[in-house]
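S.K.: Would you mind keeping the following structure in view while I ask a few things?
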Amino acid sequence: MLVCDCNDVNYENIKKAVAEFGTDLETIKDETSAGTACECCLEEDCDRVELALPLAIKKAKEELGI
Ligand code: FES
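Each residue of the sequence shown is one higher than the one before, starting from 155 at the first, in the working numbering.
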């Protein structure tokens, strides 16, 4: 699932980063580069991606049980 089009970041990349670094948005941006270009994917209704970054972090948090 594509999370950031500009930097080609997918959901698995986000899930791994959340498992390692936690759910802080700025930390996940720094670690994955998601959301650091056009910033569309920071908005939940971004039409460039399948799962916007805040939603991807939330999903990873739920799946990881953290
Ligand atoms: S789609 Fe993520 S920064 Fe552009």
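The beta carbon of each residue, even a glycine, is placed where N, CA and C say it ideally should be.
Along the chain, where does the alpha helix (DSSP H) that runs through residue 179 open and close?
M.R.: As a working note, residue 179 is residue 25 in the sequence shown. Unbroken alpha helix (DSSP H) run through residue 179: 179–186.
S.K.: Kindly confirm or deny that the region 167–176 and the region 189–199 touch, where touching means at least three C-beta pairs closer than 8 Å.
M.R.: These segments do not touch.
S.K.: So, with DSSP's three-state summary, where would you put residue 203?
M.R.: Sequence index remark: in the sequence shown, residue 203 carries index 49 (1-based). Coil at residue 203, not helix or strand.
S.K.: What residues in its chain sit with their C-beta under 6 Å from that of residue 160, if we drop five residues either side in the sequence?
M.R.: Your numbering for residue 160 matches position 6 in the sequence shown. Counting only Cβ-Cβ distances below 6 Å, and skipping sequence neighbours, we find 191, 192.
S.K.: Would residue 207 be called buried (16 or more neighbouring beta carbons within 10 Å of its own) or exposed?
M.R.: What you label residue 207 is simply residue 53 of the sequence shown in a count that begins at 1. Burial call: buried.
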